[in-house]
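Heads up, the sequence shown is in my numbering, so the first residue is 18 and it goes up one at a time.
Even for Gly, the Cβ is constructed at its ideal location relative to N, Cα and C.
Presented below is the structure to which this report refers.
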Amino acid sequence: MDEQQKYRKLDTRTNCLACIYFNADKEGKNWEVTKFVEEHNHPLASENDRHLLRSHRNISTVQASLLKNMTGVGIRTTDAYNFLADEVGGVENVGFCKSDAYNFVQRERRALIDSGDAISLSKVLQDRQSEDNMFSYDILTDEMNRLIGFLWIDGHSKIDYDCFGDVIVFDTTYRLNKYNLACAPFIAVNHN
């Protein structure tokens with residue numbers, strides 16, 4: 018067994034003493050029950066509510082792929098979850114709850130961003146440019162090739178500007194992000 022083991026904290030909401038403890042031999046092949054308390058001081062989850070228990074919630078590979086693909090094309094997480102629920106005949110048959118879906122999508126997005134923010138941003142901008150031939154962007158880096166600024170504009174905004182002579186607002190926010198950089202969006206205003 019690994020030297021680092023994770024143990025779940027006791028659930029103290031009801032002061033229930035029901036538990037089971039195991040010890041394993043050094044190879045992890047033989048297990049021995051060292052303590053078992055069967056009595057609960059609360060009613061157990063009904064069959065209709067078991068799908069809400071953490072131990073019964075799991076996002077399958079197929080469901081994970083659907084969530085990633087649907088949210089990746091702009092479908093809201095709640096709508097993606099509702100679609101999955103409709104496909105299997107209700108939320109009780111999905112296998113996980115809506116908050117699990119939100120947590121999964123956030124973990125996926127965070128993993129993409131944390132794997133290299135500047136690289137991820139560059140890839141997103143390149144992908145947008147391949148989809149929209151009028152899309153343009155510029156990335157500014159320092160001497161160590163670190164991202165210090167970027168700008169993009171899509172084809173629709175360019176057409177609007179040509180037609181209407183839109184107003185562009187440059188607004189720096191008062192908050193800094195996790196890299197101590199200010200966000201300064203250009204906001205286009207038009208009258209159509």
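Item                                                                                                                      : Value
Given Ser147 as reference, the closest of Thr51, Cys114, Gly172 once Cα atoms are compared                                : Gly172
Separation of Ala97 from Arg126, as counted between CA atoms                                                              : 16 Å
Nearest-angstrom Cα separation, counted from Glu64 out to Lys52                                                           : 27 Å
CA-to-CA distance, Lys46 to Asp19, given in whole angstroms                                                               : Its pLDDT being 48, under 50, Asp19 is placed unreliably by the model, and nothing is read from it.
Collapsed DSSP secondary structure at Gln21 in the structure displayed                                                    : With a pLDDT of only 49 at Gln21, under 50, the local geometry of the prediction cannot be trusted, and the value read off the model is given with reservation. Looking at Gln21 - three-state DSSP - the assignment turns out to be coil, as it is neither helix nor strand.
Residues sharing a beta bridge with Asn40, DSSP                                                                           : Glu49
Best match in Leu164, Ile92, Lys175 for proximity to Val122 [C-alpha to C-alpha]                                          : Ile92
Cut-off 8 Å between Cβ atoms - residues of its own chain near Cys33, not counting five sequence neighbours on either side : His57, Asn58, His59
Presumed contact (8 Å Cβ cut-off) between Gly112 and Ser77, rounded CB distance                                           : 7 Å
For Tyr154, the residue or residues it bridges with in DSSP                                                               : Trp169
Beta-carbon proximity of Thr88 to Lys115, cut-off 8 Å                                                                     : no
Leu70 versus Thr31: straight-line alpha-carbon distance, rounded                                                          : 16 Å
Neighbour-count burial assignment, Phe152, 16 or more Cβ in a 10 Å radius                                                 : buried
Selection from Glu160, Phe167, Asn120 that minimises the alpha carbon distance to Ser137                                  : Phe167
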